[in-house]
């Protein structure tokens, strides 16, 4: 059995993590995956059943002839708020989803603001909580985010604010804030079957500086002040010069930024979202600087929002761990 209360919580979380990932499982599958004893798993499953975290489903055939009991997450046990903030055509756009523990979207709304103030977000959160009583919120922000403290943000009214503290001081929820590119690369890494351990995600927007999320050895790379990935600060020119290059020769700017990432990080794969730019000729242009044997795989995607929301799912689920 358990040697301490702490060990008990760790063992319970192992079972919960397996069920969240696989959605449905038999006791023997859980024993095999967690390496916990059958007796321990039996006690944990009973506790999770009593708390209504899981439920029994129709039994399946066992190799021994007797039907094996199966268990699955009860999605409605817990809800999570996912907030995606971005600047779009000089408007602040906020996408808000509510998911349950089974990743099912139970609420989905979007609002756009000509002149965004922080109280707009608080009102949005309160309105969504009136529909579903979520206790955890993950927020994606287009700027540098260091433990909730925001700087270099495309949304001017958020600069200098600790968004986690600001929300939690007026609404009784747990808030996790993250840079949008870090969220996107996390979502891509966690919801795709990838063999690559080193991944970069580049976004070149139409009217803002290029950003990049770095995911190396199964972890986001932040740097000492969470400034890693701010490609707009590479010495390619002043901000004004880079804007001019983006508007008139975006391929040249993107190639210079990608080459810098390859030379410094040497990733296995680079995912790119470049709404104003086609991928034709991109790899050939990079090959002019980087030998072929060092080139990563390049994957161009036509939407980044879904990766951000998937990353927010990972952040919100992680923030709720060890809660029974």
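Residue numbers (full-length UniProt numbering): 1 to 324. The beta-carbon is built from N, C-alpha and C at its ideal position, and this holds for glycine as well. Here the structure is a predicted model, which is why all the values come from computation and not from measurement.
In the DSSP assignment, residue 165 falls within the unbroken alpha helix (DSSP H) covering 163-168.
The beta carbons of residue 315 and residue 176 sit closer together than 8 Å. In the DSSP assignment, residue 124 falls within the alpha helix (DSSP H) that extends over 118-131. Of the candidates 274, 291, 151 and 280, 291 places its Cα closest to the Cα of residue 266. Taking a cut-off of 8 Å on C-beta distances, the region 94-105 does not touch the region 152-165, as fewer than three cross pairs fall below it. Each residue's CA atom was taken as its position, placing residue 157 and residue 256 some 31 Å apart. Judged by beta-carbon spacing, residue 262 lies beyond the 8 Å limit of residue 184, meaning their Cβ atoms are not closer than that value. Rounded to whole angstroms, residue 10 and residue 229 show a C-alpha spacing of 34 Å. Bridge pairing for residue 26: 70 [DSSP]. If you ignore the 5 residues before and after residue 102, its C-beta comes within less than 7 Å of the C-beta of 23, 73 and 75, all in its own chain and listed in chain order. When DSSP states are grouped into helix, strand and coil, residue 246 belongs to the helix group. Of the candidates 259, 37 and 143, 259 places its Cα closest to the Cα of residue 295. Excluding sequence positions up to five before and after residue 283, its CB lies within less than 8 Å of the CB of 295 and 298, all in the same chain and listed in chain order. Excluding residues up to 5 positions away in sequence, 225 and 226 lie with their Cβ nearer than 7 Å to the Cβ of residue 146 in the same chain.
In the structure shown, the three-state DSSP call for residue 9 is helix.
Here DSSP, grouped into helix, strand and coil, assigns residue 221 to coil.
Taken through DSSP and simplified to helix, strand or coil, residue 190 comes out as helix. The alpha-carbon of residue 312 is positioned some 18 Å away from that of residue 168. Of the other Cβ atoms in all chains shown, 16 or more fall within 10 Å of the Cβ of residue 246; this residue is therefore buried.
In the three-state scheme derived from DSSP, where H, G and I count as helix and E and B as strand, residue 211 is classed as strand.
For residue 85, the three-state secondary structure derived from DSSP is strand.
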